[in-house]
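Data block below; observations after.
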Amino acid sequence: MHMVTLLSAPKMRALDPALVENLRNAWGGGDAVWLSPDLAAEFPVTQHPGNFWEVWEDIQSMGVDLVIQSAAERRKKMLLADMDSTMIQQECIDELADEAGVGDHVKGITARAMNGELNFDDALKERVGLLEGLPVATIEKVLRDRITLMPGGLVLLATMKAAGAYAALVSGGFTAFTEAVAARLGFDENRANTLLSEGDALTGRVGMPILGQQAKVEALQDITTRLGLSEKDVIAVGDGANDLGMLKRAGSGVALHAKPSVAAQCDIRINHGDLTALLYLQGYVENEFVTP
Numbered sequence: 009m010h011m012v013t014l015l016s017a018p019k020m021r022a023l024d025p026a027l028v029e030n031l032r033n034a035w036g037g038g039d040a041v042w043l044s045p046d047l048a049a050e051f052p053v054t055q056h057p058g059n060f061w062e063v064w065e066d067i068q069s070m071g072v073d074l075v076i077q078s079a080a081e082r083r084k085k086m087l088l089a090d091m092d093s094t095m096i097q098q099e100c101i102d103e104l105a106d107e108a109g110v111g112d113h114v115k116g117i118t119a120r121a122m123n124g125e126l127n128f129d130d131a132l133k134e135r136v137g138l139l140e141g142l143p144v145a146t147i148e149k150v151l152r153d154r155i156t157l158m159p160g161g162l163v164l165l166a167t168m169k170a171a172g173a174y175a176a177l178v179s180g181g182f183t184a185f186t187e188a189v190a191a192r193l194g195f196d197e198n199r200a201n202t203l204l205s206e207g208d209a210l211t212g213r214v215g216m217p218i219l220g221q222q223a224k225v226e227a228l229q230d231i232t233t234r235l236g237l238s239e240k241d242v243i244a245v246g247d248g249a250n251d252l253g254m255l256k257r258a259g260s261g262v263a264l265h266a267k268p269s270v271a272a273q274c275d276i277r278i279n280h281g282d283l284t285a286l287l288y289l290q291g292y293v294e295n296e297f298v299t300p
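Under our numbering, the first residue of the sequence shown is numbered 9, with each subsequent residue one higher.
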């Protein structure tokens with residue numbers, strides 16, 4: 009048995025009941041359940057529709073995300089999340105680079121690295137090198153003035169944790185940011201790279217080894233083993249090429265507003281919804297959401 013979920017952007021609440029009903033009839037689905045009026049609905053089907061991706065393409069223009077997944081074991085016991093452009097709306101290194109006066113150059117490298125066009129480790133070293141001499145105090149300034157949470161993140165964490173789930177933030181960014189973001193959102197642990205400094209300034213070097221794509225996979229393995237969970241118990245979310253390993257290994261791997269080359273390799277793609285989409289995908293009804 010499979011579950012089909014349709015989602016619109018929370019600000020729009022533009023999911024047409026006629027679309028849900030027509031699709032349910034076309035695919036011979038069971039009764040539709042509305043998880044949130046005009047925003048999220050689901051219905052079961054006995055087999056994966058052969059024209060799923062054609063329909064997915066058609067309704068993207070309507071501002072609607074379409075997902076199909078196994079109906080069994082949808083409620084996950086662990087959240088594994090990327091940070092930059094996933095749990096927050098920015099790329100931290102780009103924001104630091106703006107403060108250092110090299111923003112445009114660094115943003116270009118970041119975009120190519122996240123799209124899988126550059127080796128992640130080499131790209132990180134190059135970008136960090138351009139931050140040499142930047143005052144360490146700039147990190148706190150960026151956190152205060154530039155970093156904003158991705159919509160839906162607080163509710164996602166609060167709801168899953170209220171249901172007993174574990175939450176880990178695993179980033180190719182820096183611990184100076186993950187520690188603050190993890191605390192704000194309620195993550196149980198966080199892992200990231202370390203920006204090295206001497207005195208009051210950054211050295212332009214990053215601590216080794218670099219936490220990249222394989223390190224995120226290892227985090228998935230390590231944490232599930234420690235907690236006595238299966239990788240199928242995990243819902244992972246990310247947007248960049250360095251997230252692909254964990255997205256493919258987790259029970260549910262969600263490409264959230266992901267780079268095109270990344271989304272193309274993932275079966276679960278959220279382009280219109282916010283982070284609460286991860287709750288609807290697990291079958292949570294809106295009135296089950298926990299607001300911190």
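Even glycine gets a Cβ: it sits at the ideal position worked out from N, Cα and C.
Beta-carbon spacing of V225, G253 below 7 Å: As a working mapping, residue 225 is identified with position 217 in the sequence shown. As a working mapping, residue 253 is identified with position 245 in the sequence shown. Yes, these two residues count as a Cβ contact at 7 Å.
Cutoff 7 Å; reference L237; Cβ partners in own chain excluding five residues on either side: One-based indexing of the sequence shown puts residue 237 at position 229. Same-chain partners within the cutoff: K85, M86.
S78: first and last residue of the uninterrupted alpha helix (DSSP H) it sits in: For the purposes of this step, residue 78 is taken as the residue at position 70 of the sequence shown. Premise fails: S78 lies in the beta strand (DSSP E), 72-78, not in any alpha helix (DSSP H).
Beta-carbon proximity of A121 to L142, cut-off 7 Å: As a first step, residue 121 is located in the sequence shown; it is residue number 113 there, counting from the start. As a first step, residue 142 is located in the sequence shown; it is residue number 134 there, counting from the start. Result no, Cβ atoms of A121 and L142 do not sit closer than 7 Å.
Residues bridged to S302 (per DSSP): Summary: the structure shown does not reach residue 302, with the chain confined to residues 9 through 300, and so no result is reported for it.
Outcome for H56 when other beta-carbon atoms lying within 10 angstroms are tallied against a minimum of 16: Stepping through the sequence shown from its first residue, residue 56 is reached at position 48. The residue is exposed, with fewer than 16 neighbouring Cβ atoms inside 10 Å.
Where E239 falls: helix, strand or coil (DSSP): Looking up residue 239 in the sequence shown gives position 231. E239 falls in the helix class under three-state DSSP.
DSSP beta-bridge partners of M86: Locating residue 86 in the sequence shown gives position 78, counting from the first residue. Y174, V242, per the DSSP bridge assignment.
Helix, strand or coil at F185 according to DSSP, with G and I counted as helix: Position 177 of the sequence shown, counted from the start, is the residue given in the question as residue 185. In the structure shown, F185 sits in a helix (DSSP, three-state: H, G or I).
Beta-carbon contacts of G37 that lie in its chain and below 8 Å, excluding the five residues immediately before and after: Locating residue 37 in the sequence shown gives position 29, where the first residue counts as 1. Counting only Cβ-Cβ distances below 8 Å, and skipping sequence neighbours, we find V12, L31, F51, P52, V53.
Own chain, CB closer than 6 Å to W64, minus 5 neighbours either side, in chain order: Position 56 of the sequence shown, counted from the start, is the residue given in the question as residue 64. Excluding sequence neighbours, W64 sits near L74.
For S269, the three-state DSSP class (helix, strand or coil): Start at 1 with the first residue of the sequence shown, and residue 269 comes out as number 261. Looking at S269 - three-state DSSP - the assignment turns out to be helix.
CA-to-CA distance, L88 to E239, given in whole angstroms: Locating residue 239 in the sequence shown gives position 231, counting from the first residue. Locating residue 88 in the sequence shown gives position 80, counting from the first residue. Each residue's alpha carbon lies about 11 Å from the other.
Test item: CB-CB of G291 and C274 under 7 Å: For this step, residue 291 is matched to residue 283 along the sequence shown. For this step, residue 274 is matched to residue 266 along the sequence shown. Contact flag unset, no.
In DSSP terms, what L210 is bridged to: For the purposes of this step, residue 210 is taken as residue 202 along the sequence shown, with counting starting at 1. In the DSSP output, where bridge partners are listed per residue, L210 has S205.
Cutoff 7 Å; reference A170; Cβ partners in own chain excluding five residues on either side: The count along the sequence shown starts at 1 and reaches residue 170 at position 162. Once the five neighbours on either side are set aside, the close Cβ partners of A170 are V298.
Which of helix, strand or coil DSSP assigns to R277: Numbered from 1 along the sequence shown, position 269 holds the residue referred to as residue 277. Strand.
Residue closest to I155, alpha-carbon to alpha-carbon, out of R192, Q97, A176, A227: As a position in the sequence shown, residue 155 is number 147, starting the count at 1. Taking only the C-alpha atoms, the option nearest I155 is Q97.
Nearest residue (CA-CA) to P300, options I76, V110, L164: Position 292 of the sequence shown, counted from the first residue, corresponds to residue 300. That would be L164, whose Cα lies nearest to the Cα of P300.
Where T233 falls, given that 16 or more other Cβ within 10 Å makes a residue buried: Reading the sequence shown from its first residue, position 225 is the one you call residue 233. Exposed is the call here.
Contiguous alpha helix (DSSP H) assignments of at least 4 residues, all confined to the stretch 87-152: 100-108, 111-122, 128-137
Nearest-angstrom Cβ-Cβ length linking L139 and L210, presumed shorter than 8 Å: Residue mapping note: residue 139 aligns to position 131 of the sequence shown, counting from 1. Residue mapping note: residue 210 aligns to position 202 of the sequence shown, counting from 1. Sure, about 5 Å apart at Cβ, within 8 Å.
Identity of the residues DSSP links to R257 by a beta bridge: Locating residue 257 in the sequence shown gives position 249, counting from the first residue. Beta-bridge pairing links R257 to no other residue.
Check whether D130 and D251 have beta carbons under 7 Å apart: Residue 130 sits at position 122 when you count from the first residue of the sequence shown. Residue 251 sits at position 243 when you count from the first residue of the sequence shown. No, they are not a contact pair.
Local Cβ density within 10 Å of W35, reported as buried at 16 or more and exposed below that: Along the sequence shown, one-based indexing puts residue 35 at 27. Classification for W35: buried.
Cβ-Cβ distance between T186 and L177 below 7 Å: Residue mapping note: residue 186 aligns to position 178 of the sequence shown, counting from 1. Residue mapping note: residue 177 aligns to position 169 of the sequence shown, counting from 1. Yes, the Cβ-Cβ distance between T186 and L177 is below 7 Å.
Where the beta strand (DSSP E) through A49 begins and ends: Stepping through the sequence shown from its first residue, residue 49 is reached at position 41. Residues 48-53.
Range of the contiguous beta strand (DSSP E) that encloses V41: On the sequence shown, position 33 is the one that residue 41 refers to. 41-44 is the span of the beta strand (DSSP E), which, as asked, contains V41.
Supposed close pair A266, R257 - CB separation, criterion 8 Å: As a working note, residue 266 is residue 258 in the sequence shown. As a working note, residue 257 is residue 249 in the sequence shown. Going by Cβ atoms, the distance from A266 to R257 rounds to 16 Å, so no, they are not a contact pair.
Reduced DSSP secondary structure (H/G/I, E/B, other) of R21: Within the sequence shown, numbered from 1, the residue matching residue 21 stands at position 13. Of the three classes helix, strand and coil, the one that applies to R21 here is coil, per DSSP.
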